[in-house]
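One structure is given below, encoded as structure tokens.
Protein chains: 2
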Amino acid sequence: MTFPATLSGRGPKYLQIADQLRAEIQSGELSPGSRLPAETDLAGRFHVSPPTVRQALAVLRSEWLIESRHGVGTFVRENRKRQRRSRNRYGRARTDKRLLNDALEHRIVFAGRGPVPPHIAEAMGVEPGSEVVIRRRHLHDKATGQLREIGASYVPLSHAAGTYLEDATVVPKALFLCVEELSGKIYHRAQDTTVIRAAERDEPGLFNLAGGEAILHLVHTARAADDEVLEISESIWPADEVVFIDEYDIPKHGENPTSRSEI
Amino acid sequence: MTFPATLSGRGPKYLQIADQLRAEIQSGELSPGSRLPAETDLAGRFHVSPPTVRQALAVLRSEWLIESRHGVGTFVRENRKRQRRSRNRYGRARTDKRLLNDALEHRIVFAGRGPVPPHIAEAMGVEPGSEVVIRRRHLHDKATGQLREIGASYVPLSHAAGTYLEDATVVPKALFLCVEELSGKIYHRAQDTTVIRAAERDEPGLFNLAGGEAILHLVHTARAADDEVLEISESIWPADEVVFIDEYDIPKHGENPTSRSEI
DNA sequence: TAGTGGTCTAGACCACCGC
DNA sequence: CGGTGGTCTAGACCACTAG
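Chains A and B supply the protein sequences, listed in that same order. The UniProt record's numbering puts the first residue of the first sequence at 1, with every later residue one more than the last. The UniProt record's numbering puts the first residue of the second sequence at 1, with every later residue one more than the last.
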């Protein structure tokens, strides 16, 4: 029998049940994608009331181990293939002339003028609500159609107003190369700010999350040599789908570091 | 009256209650650190049963907005002061000869030989369980005493065996300078791997978390010019306490990028 | 229609904390 | 001690999905 009907008696029942099920998941007895027994079945096997089972499942849900589909069942979460991102997006793009991940489909969901949101205005050094050119994108997994990333780019009117950046067509090359062309200025220095926060508003629905899940939110500010902001872009992922891998040279003794440390 | 007794009737009651309370928190009516009314009080005011109130509070807890203390009450979470980390820890350390954050107290909780854990062995390219010199550290907030970061460094025996790195005394300068001295090799290139995962094992207790919270886990691998691993270190934070701020130069056209992109 | 998970009730008793 | 949140029960009814 897969699920012992006995609880050892140490600690709360719902935690013991969660421990049992977690062990079965991690041992592979319950494999990714497989369905758990119905809540009423689990209640019977563990000799507890249904709400207690639900409490145990809530624990596993908060650990990102299972997900429930209303009217269908509760399933062991698939190990979603993790994306790999570098914080330095310019290195290869400058030579490859492309920035896009081949496994993702790039959909521009909005392009045009709009008010700059507060957290971007701050980084841009302008009044919140000022008009800028905004390009919003959704990146979908080509295989499954699942939304994997939400992004937006904000370019000052001075460089983007009236240009093709206001058209919702996919830019044929990396956005920063377009901005360099249009502005006549060169991207010189960047700042990336990364935070992890709880999912809010429509994000759980968009990403098909249980709710209350962690979101990774990156704001990227690119400046010209004279410190003028050329572009701010932000990217939003379900935090558990992302791995950052960064490789970089370590400054030698006496060498001027290319990154200012913020520690 | 702070808490209206009426629910608009749209959607589940527990979500409406959560929305009400969230609005009060975000408007500042319920300020950080202040106590919410007791669950039974809330049940009375909203005319629902106590379990329904608990469900609403569970939502806010998963959004990291409140925390409950058994026997005391439920409180609006303080905005914990966020740490700022740069991926490039070497820039300033090479000139300042220090790596430590002044607001944090560095406690070495273990130093000596031990088996290398699996996720480190992989990055190090050795058998899991091989012996290495391990230095484990806890970083506490000097003001509050709260644990803010767990870290560990792993140095191959070939460079650290029998040296002062096996003593649990705080190293007077940055660890990498010690390893450079002891090994006679220079840190040349680094890789940082960052993931966000659910808290596991004893982490909720150590960090005083509600459970199921997001953890940020960074593994840093430093290599010499000949690709030999000189040191691997890992850092673990409650994800909501960390902001990464990275500044870096953007490679010019035709310039060899210092970071290899992983996109 | 049958079976699933989602919402909600009205209690009970326990464990913890501060006074 | 009184008040708090934590655990648990034994139901009821609804909403969703699949066949």
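Quick reminder that beta carbons are idealized off the backbone N, C-alpha and C, glycines included.
Chain B contact for residue i (CB, 8 Å cutoff)
{"i": "S233 (chain A)", "result": "no"}
{"i": "Q191 (chain A)", "result": "yes"}
{"i": "K97 (chain A)", "result": "Reliability fails at K97 (chain A), whose pLDDT of 44 lies under 50, so the model's placement of it is uncertain and no value is given."}
{"i": "E149 (chain A)", "result": "no"}
{"i": "S62 (chain A)", "result": "yes"}
{"i": "I108 (chain A)", "result": "no"}
{"i": "H188 (chain A)", "result": "yes"}
{"i": "D202 (chain A)", "result": "no"}
Min CB distance residue i to chain A below 8 Å
{"i": "E247 (chain B)", "result": "yes"}
{"i": "L216 (chain B)", "result": "yes"}
{"i": "I196 (chain B)", "result": "yes"}
{"i": "I250 (chain B)", "result": "yes"}
{"i": "V171 (chain B)", "result": "no"}
{"i": "D19 (chain B)", "result": "no"}
{"i": "D167 (chain B)", "result": "no"}
{"i": "V132 (chain B)", "result": "no"}
{"i": "E262 (chain B)", "result": "Only weak support exists for where E262 (chain B) lies, its pLDDT of 35 falling under 50; the coordinates are left without a value."}
{"i": "A239 (chain B)", "result": "yes"}
{"i": "V243 (chain B)", "result": "yes"}
Paired residues, beta bridge with residue i - DSSP
{"i": "H188 (chain A)", "result": "Its beta-bridge partners do not exist; DSSP assigns none."}
{"i": "V132 (chain B)", "result": "B:G114"}
{"i": "P238 (chain B)", "result": "B:I215"}
{"i": "H119 (chain B)", "result": "BP columns for H119 (chain B) are empty, so no partner."}
{"i": "H220 (chain A)", "result": "A:D192, A:S233"}
{"i": "I245 (chain A)", "result": "B:T193"}
{"i": "I17 (chain B)", "result": "The partner list for I17 (chain B) (beta bridge, DSSP) is empty, contrary to what the question assumes."}
{"i": "E29 (chain A)", "result": "None; E29 (chain A) has no bridge partner."}
{"i": "G162 (chain B)", "result": "Looking at the DSSP assignment, G162 (chain B) forms no beta bridge with any residue, so it has no partner."}
{"i": "V155 (chain B)", "result": "B:V133"}
{"i": "R22 (chain A)", "result": "Beta-bridge pairing links R22 (chain A) to no other residue."}
{"i": "A198 (chain B)", "result": "B:A214"}
Beta-carbon gap between residue i and residue j smaller than 8 Å
{"i": "residue 269 (chain A)", "j": "A43 (chain A)", "result": "Absent from the model: residue 269 (chain A). The displayed extent of chain A is 1 to 263, so no value can be given."}
{"i": "A168 (chain B)", "j": "I108 (chain B)", "result": "yes"}
{"i": "L147 (chain B)", "j": "F207 (chain B)", "result": "yes"}
{"i": "A222 (chain A)", "j": "L216 (chain A)", "result": "no"}
{"i": "E234 (chain B)", "j": "L218 (chain B)", "result": "yes"}
{"i": "G73 (chain B)", "j": "A18 (chain B)", "result": "no"}
{"i": "F110 (chain A)", "j": "R136 (chain A)", "result": "yes"}
{"i": "V170 (chain B)", "j": "H106 (chain B)", "result": "yes"}
{"i": "A190 (chain A)", "j": "Y248 (chain B)", "result": "yes"}
{"i": "E131 (chain A)", "j": "G114 (chain A)", "result": "yes"}
{"i": "E78 (chain B)", "j": "G33 (chain B)", "result": "yes"}
{"i": "residue 266 (chain A)", "j": "G151 (chain A)", "result": "This structure does not reach residue 266 (chain A), given that chain A is present from 1 up to 263, and the question cannot be answered."}
{"i": "V133 (chain A)", "j": "A174 (chain A)", "result": "no"}
{"i": "Y187 (chain A)", "j": "I232 (chain B)", "result": "no"}
{"i": "I178 (chain A)", "j": "L165 (chain A)", "result": "The sequence as given places Cys at residue 178 (chain A); Ile does not occur at that position. Going by C-beta atoms, C178 (chain A) is nearer than 8 Å to L165 (chain A)."}
Notebook entry, point to check: Which whole runs of the beta strand (DSSP E) in the segment 39-91 of chain B are 3 residues long or more, in chain order?
Noted result: For the segment 39-91 of chain B, whole beta strand (DSSP E) runs of length 3 or above, ordered along the chain, are 66-69, 73-76, 83-85.
Next item on the list: Please name the residues in the segment 217-229 of chain A whose beta-carbon is closer than 8 Å to at least one beta-carbon of chain B, in chain order.
Entry: Taken in chain order, the members of the segment 217-229 of chain A whose beta-carbon sits within less than 8 Å of a beta-carbon on chain B are A222.
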